[in-house]
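Reading through the structure tokens given below for one structure.
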Amino acid sequence: MRVIALCHLKGGVGKTTGAVNLAYQASHAGYQVLCRDLDPQAAATWYLGCEAEGPQGKRLLSSRQAVSGSVMDTAWPNLDCAASHHTLRNLDVRLDRADGARVKIFRRLLKPLSRRYDVVFVDCPLGLSRLAEVVFRTADTLLMPTIPSHLSLRAYDEVVRELDRLGIYRRSLYPYFSLVDRRRAIHSQRIAQPPESMINVLQSWIPSAVDNERMGEHRAPVGAFAPRSRAARAWRALWQELEFRLHMPVPAEGAR
């Protein structure tokens with residue numbers, strides 16, 4: 001099972017949109033996929049047509065069954081959602097109390113899922129928190145949607161510094177450009193020539209497109225309601241590049 005976490009320091013960069021759409025594209029390619037919503041706002045849960053009825057923060061850390069019990073079917077084959085709950089906002093406090101065992105606890109919670117899923121996409125809450133640290137240490141791959149602007153690139157640099165501080169191999173971090181508007185000179189420049197500090201930057205990028213915003217109207221991934229749209233094609237290309245870069249095994253179903 002491959003754990004892929006989407007993280008960022010600030011809101012409005014397309015983190016949740018990325019988690020939902022990449023999970024959909026992976027499931028459409030034949031992988032058994034779970035979207036694990038760890039953001040107490042439960043936006044990924046809502047986008048996937050599910051309700052925020054996941055386990056409370058306290059119960060989540062104390063029971064493997066709490067993780068399995070939060071899993072819900074979605075309307076799309078091969079794609080499930082592990083719903084969020086508003087009490088997850090207290091998860092940092094509980095992880096603090098766990099001290100050195102916090103990473104072990106989180107890995108134990110993920111273990112039962114490995115028998116059911118090929119890929120787990122984790123939608124992380126914002127910021128550099130205890131939960132973010134645990135996810136950084138647990139995930140196989142970190143994805144960071146990055147707007148090609150000064151503030152977003154500064155946030156990327158802060159994440160890199162945090163990975164260095166934690167002693168985590170930064171090559172597990174894959175940034176990609178999101179909310180791209182090619183009419184803006186700085187966006188075009190950054191895509192053509194990313195900063196030297198950005199390693200592993202994915203070549204595929206996500207445009208600033210109205211269909212991404214329409215996800216709330218349909219409560220569905222873009223590929224489900226506008227499969228031929230520019231946004232859907234971009235998400236498909238991003239997943240295919242990521243699949244290639246991560247050397248993902250051919251899914252058991254083989255659906256292509």
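Numbered as in our numbering, the sequence shown ends at 256 without a single skipped number.
The beta carbon of each residue, even a glycine, is placed where N, CA and C say it ideally should be.
This one's a predicted model, so the numbers in the text were calculated from it and none came from an experiment.
Under the rule that 16 or more other beta-carbon atoms within 10 Å means buried, what is residue i, buried or exposed?
{"i": "ILE186", "result": "exposed"}
{"i": "LEU166", "result": "exposed"}
{"i": "ALA5", "result": "buried"}
{"i": "ASP164", "result": "exposed"}
{"i": "ARG182", "result": "exposed"}
{"i": "SER84", "result": "buried"}
{"i": "SER114", "result": "exposed"}
{"i": "PRO251", "result": "buried"}
{"i": "ALA192", "result": "exposed"}
{"i": "ASP140", "result": "exposed"}
{"i": "PRO125", "result": "buried"}
Could you check which residue in the options has the C-alpha nearest to that of residue i?
{"i": "SER197", "options": "GLN189, PRO175, ASP211", "result": "PRO175"}
{"i": "THR17", "options": "ALA43, VAL33, ALA26, LEU79", "result": "ALA43"}
{"i": "ARG130", "options": "GLU162, LEU238, PHE225", "result": "GLU162"}
{"i": "GLN25", "options": "ARG154, HIS85, TRP76, PRO40", "result": "TRP76"}
{"i": "ASN78", "options": "GLY49, ALA29, ARG108, ASN200", "result": "ALA29"}
{"i": "SER9", "options": "LEU151, ALA19, THR138, LEU113", "result": "This sequence places Leu at residue 9; Ser is not what is there. Residue LEU151 is the option with its Cα nearest to LEU9."}
{"i": "ALA220", "options": "ALA5, THR74, ARG108", "result": "THR74"}
{"i": "ILE168", "options": "ASP123, SER149, VAL134", "result": "VAL134"}
{"i": "GLN203", "options": "TYR117, GLY11, TRP239", "result": "TRP239"}
{"i": "LEU22", "options": "PHE121, SER114, TRP46", "result": "PHE121"}
{"i": "ARG236", "options": "ILE206, GLY49, VAL250, LEU128", "result": "ILE206"}
{"i": "ARG170", "options": "ILE191, LEU142, ALA192, ALA155", "result": "LEU142"}
{"i": "ASP80", "options": "GLU241, TYR31, ALA231", "result": "TYR31"}
{"i": "THR45", "options": "MET1, ASP123, VAL3", "result": "ASP123"}
{"i": "VAL180", "options": "VAL210, ILE199, GLU217", "result": "VAL210"}
Which value, in whole angstroms, describes the spacing of the CA atoms of residue i and residue j?
{"i": "ALA224", "j": "ALA82", "result": "19 angstroms"}
{"i": "GLY14", "j": "PRO145", "result": "6 angstroms"}
{"i": "ASP157", "j": "ARG214", "result": "31 angstroms"}
{"i": "LEU109", "j": "VAL71", "result": "13 angstroms"}
{"i": "PHE136", "j": "CYS7", "result": "9 angstroms"}
{"i": "LEU153", "j": "ILE147", "result": "7 angstroms"}
{"i": "ARG190", "j": "ALA155", "result": "15 angstroms"}
{"i": "VAL20", "j": "LEU48", "result": "7 angstroms"}
{"i": "SER172", "j": "LEU128", "result": "17 angstroms"}
{"i": "ASP118", "j": "PRO194", "result": "31 angstroms"}
{"i": "VAL201", "j": "ARG116", "result": "30 angstroms"}
{"i": "LYS111", "j": "SER188", "result": "42 angstroms"}
{"i": "SER149", "j": "GLY11", "result": "14 angstroms"}
{"i": "ARG2", "j": "ARG230", "result": "28 angstroms"}
{"i": "ARG184", "j": "SER27", "result": "34 angstroms"}
{"i": "GLY57", "j": "GLU51", "result": "Residue placement at GLY57 is poorly supported in this model, since its pLDDT is 48, which falls under 50; the coordinates are not used for a value here."}
{"i": "ARG256", "j": "GLU217", "result": "Caution is warranted here: a pLDDT of 41 is assigned to ARG256, below 50, making its placement in the model unreliable, and the coordinate value is therefore given only provisionally. Taking the straight line from one Cα to the other gives about 28 angstroms."}
{"i": "ALA232", "j": "SER208", "result": "12 angstroms"}
{"i": "VAL160", "j": "ARG107", "result": "23 angstroms"}
{"i": "GLN41", "j": "ILE199", "result": "30 angstroms"}
{"i": "ASN212", "j": "GLU241", "result": "20 angstroms"}
{"i": "PRO227", "j": "ALA234", "result": "10 angstroms"}
{"i": "ALA66", "j": "SER178", "result": "Annotation note: pLDDT 47 at ALA66 (below 50); position unreliable, coordinate value reported separately. Cα to Cα, ALA66 sits roughly 33 angstroms from SER178."}
Report yes or no: is there a C-beta of chain D within less than 9 angstroms of the C-beta of residue i?
{"i": "THR146", "result": "You won't find chain D in this structure, because it holds only one protein chain."}
Bridge partners for residue i per DSSP, in chain order?
{"i": "MET1", "result": "Paired residues: none, contrary to the question."}
{"i": "ALA82", "result": "ARG36, VAL71"}
{"i": "TYR176", "result": "PRO145"}
{"i": "VAL13", "result": "In DSSP, VAL13 forms no bridge with anything."}
{"i": "LEU6", "result": "ASP123, LEU143"}
{"i": "PRO207", "result": "VAL180"}
Are there any heavy atoms of the ligand FAD lying less than 8 angstroms away from the beta-carbon of residue i, as far as the coordinates show?
{"i": "ASP118", "result": "This structure simply doesn't include the ligand FAD, nor any ligand for that matter."}
Legend entry - At least three beta-carbon pairs within less than 8 angstroms, the stretch 32-42 to the stretch 238-248: no
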